[in-house]
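Trainee: So for the sequence shown, the working numbering puts the first residue at 240; every next one is plus one.
Here it is: the structure, laid out below.
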Amino acid sequence: MEIIVGKLSNRQMAPFGQLLNMFSDAAEARLHYQQHRVYQQGYYL
């Protein structure tokens, strides 16, 4: 059974979901990287 989101089925939404996951993963990785750089420079949060 497909869930209709607006006029798109969830099968059509899948690529958008993958893009959103990629963006959230990239944002999380960037956050970890920034924290790691801060630790390297000796500024502890």
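We put the beta carbon where it would ideally sit given N, CA and C, even for glycine.
Bear in mind that the values here come from a model prediction, so they are computed numbers and not experimental data.
#1: Between residue 278 and residue 266, what straight-line distance do the alpha-carbon atoms span, to the nearest angstrom?
#2: According to DSSP, simplified to helix, strand and coil, what is residue 273?
#3: Hey, how far is the Cα of residue 263 from the Cα of residue 274?
Mentor: On the basis of the data shown:
#1: 19 Å
#2: helix
#3: 17 Å
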